[in-house]
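Peer 1:
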Amino acid sequence: MTFAQVQGNTEVKRALAGMVDAARVPHALLFHEDDGGGAFPLTLAFLQYLFCRERSGGDSCGRCPSCGKISKLIHPDVHFVFPTAANALSEQYMEPLRRLVAANPSFREAELADALGIEGKNSLIAVAESRRLLEKLSLSALEGGYRAVVIYLPERLNAEAANRLLKMIEEPPPQTQFVLITHQPDKVLPTISSRCQRIRIRPAGAAAEAEFADSGLLDDLMSALLDKDLLRALEVSEQIAALPSRENAKAFCIFAADRFRQMFLCQQGIEGAGQISPQARRWAAGCRKTFPRQALGVLDRTQTLIGRNVNLKILFADMADRLFLLI
Ligand SMILES: [Zn+2]
567 MTFAQVQGNT
577 EVKRALAGMV
587 DAARVPHALL
597 FHEDDGGGAF
607 PLTLAFLQYL
617 FCRERSGGDS
627 CGRCPSCGKI
637 SKLIHPDVHF
647 VFPTAANALS
657 EQYMEPLRRL
667 VAANPSFREA
677 ELADALGIEG
687 KNSLIAVAES
697 RRLLEKLSLS
707 ALEGGYRAVV
717 IYLPERLNAE
727 AANRLLKMIE
737 EPPPQTQFVL
747 ITHQPDKVLP
757 TISSRCQRIR
767 IRPAGAAAEA
777 EFADSGLLDD
787 LMSALLDKDL
797 LRALEVSEQI
807 AALPSRENAK
817 AFCIFAADRF
827 RQMFLCQQGI
837 EGAGQISPQA
847 RRWAAGCRKT
857 FPRQALGVLD
867 RTQTLIGRNV
877 NLKILFADMA
887 DRLFLLI
């Protein structure tokens with residue numbers, strides 16, 4: 567699976583490729599998707615890019631032995647861990663996982679449980695799984711290059727299993743990449759999630775909407791906020807509220823979240839080729855260090871409330887007011 571074969575999430579793909587190009591990939595990434603939201607194929611595309619020796623133009627070649635093995639889930643140095651029935655290990659279920667991914671790479675939690683023939687709700691990642699993983703990682707990479715561990719649903723790690731993995735996630739052996747895919751980031755043990763760089767994965771449709779959003783409104787809002795001009799910020803918030811539909815208002819939030827994420831990456835010094843827009847760079851220099859992260863929280867809340875029947879004028883005025891206090 568190449569990046570080109572994964573729909574949507576253009577900004578995320580660019581950011582991931584940029585991290586690899588700059589050799590600044592955090593040891594552990596935590597992808598937060600809605601159930602079935604496409605984080606799994608994106609993970610495969612990212613690992614293909616990381617492992618591929620023939621990559622070019624921001625994508626893996628898709629043809630070399632490494633790319634082929636990763637896309638078929640048969641690369642000996644890419645390990646998958648996911649909830650299974652009690653007393654079983656993920657490696658025993660690789661065949662059904664492969665068949666599922668071949669048919670439907672953006673599978674949902676329940677579809678995985680079905681494919682494995684287990685009752686999904688009670689499935690866990692058990693201690694034995696951590697033990698097995700640590701054993702595997704204590705050996706050197708079979709193909710002599712990168713290794714990767716994909717943990718699907720770290721919120722299902724049993725507490726002891728999680729504890730055993732902490733040190734490994736914090737300080738993995740060289741050239742070892744962790745990717746965690748969660749549906750409920752607040753249920754992942756904080757000791758685990760705090761060791762990961764969190765990245766929000768949007769369903770493909772949402773990402774496409776974001777690309778249609780009107781970037782001028784965000785420019786106006788940010789310049790009012792950076793000038794400490796609350797009155798002007800509130801005027802811009804009225805224009806956002808007056809967008810033709812709730813879908814447009816949502817698209818604005820998604821677009822703004824992308825820019826705030828870029829500001830965060832910029833402040834962290836994670837900068838790949840072309841992944842950060844000039845505006846985000848300028849804004850990052852002018853705001854508090856805490857702003858991008860907290861502002862993302864405000865946007866998340868705003869976006870959720872758009873879906874309910876709230877008055878958009880009041881909602882966006884409130885958003886502008888909160889951002890004004892944070893910047
Ligand atoms: Zn390749």
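In the numbering used here, the protein residues as written are 567 to 893.
Ideal placement from N, C-alpha and C gives every residue a C-beta, glycine not left out.
Is A714 helix, strand or coil when you go by DSSP?
Peer 2: Counting from 1 along the sequence shown, the entry for residue 714 is found at position 148. Reduced to three states, the DSSP call for A714 is strand.
Peer 1: Could one say the Cβ of R665 lies closer than 8 Å to chain D's Cβ atoms, at least one of them?
Peer 2: Absent from the structure is chain D; it holds one protein chain and no more.
Peer 1: Going straight from the alpha carbon of P739 to that of M660, what length do you get?
Peer 2: Walking along the sequence shown from the start, residue 739 turns up at place 173. Walking along the sequence shown from the start, residue 660 turns up at place 94. One C-alpha to the other measures close to 24 Å.
Peer 1: Who pairs with S622 in a beta bridge, going by DSSP?
Peer 2: Taking the first residue of the sequence shown as position 1, residue 622 is located at position 56. D625.
Peer 1: Which whole runs of the alpha helix (DSSP H) in the region 568 to 630 are 4 residues long or more, in chain order?
Peer 2: 576 to 587 and 605 to 617
Peer 1: Helix or strand or just coil, what does DSSP make of Q841?
Peer 2: Here residue 841 refers to the residue found at position 275 when the sequence shown is read from its first residue. Coil at Q841, not helix or strand.
Peer 1: I need the boundaries of the beta strand (DSSP E) containing F744, first residue and last residue.
Peer 2: Here residue 744 is taken as the residue at index 178 of the sequence shown, counted from 1. Per DSSP, F744 belongs to the beta strand (DSSP E) from T742 to T748.
Peer 1: The alpha helix (DSSP H) with I735 in it runs from where to where?
Peer 2: Start at 1 with the first residue of the sequence shown, and residue 735 comes out as number 169. Start and end: A725 to E736.
Peer 1: What residues in its chain sit with their C-beta under 7 Å from that of I767, if we drop five residues either side in the sequence?
Peer 2: Taking the sequence shown and counting its residues from 1, one reaches residue 767 at position 201. Only N575, V578, F597, H598, E599, G603, G604, A605 and L608 meet the Cβ criterion.
Peer 1: Which residues count as close to ligand 1 when the rule is a CB under 7 Å from any of its heavy atoms, in chain order?
Peer 2: Q614, C618, R619, E620, R621, S626, C627, G628, R629, C630, S632 and C633
Peer 1: With respect to the alpha helix (DSSP H) encompassing V693, which residues constitute its N-terminal and C-terminal limits?
Peer 2: Along the sequence shown, one-based indexing puts residue 693 at 127. Looking at the DSSP string, the run of the alpha helix (DSSP H) that includes V693 is V693 to S704.
Peer 1: In three-state DSSP terms, what is L719?
Peer 2: For the purposes of this step, residue 719 is taken as residue 153 along the sequence shown, with counting starting at 1. DSSP, read as helix, strand or coil, puts L719 in coil.
Peer 1: Starting from V644 and walking both ways along the beta strand (DSSP E), at which residues does that stretch end?
Peer 2: Mapped onto the sequence shown, residue 644 falls at position 78. Counting along the chain, the beta strand (DSSP E) containing V644 begins and ends at V644 to V647.
Peer 1: What is the C-beta distance between I765 and P720, in whole angstroms, given that I count them as a contact (C-beta under 8 Å)?
Peer 2: Here residue 765 refers to the residue found at position 199 of the sequence shown. Here residue 720 refers to the residue found at position 154 of the sequence shown. Incorrect: roughly 14 Å between the Cβ atoms, too far for contact.
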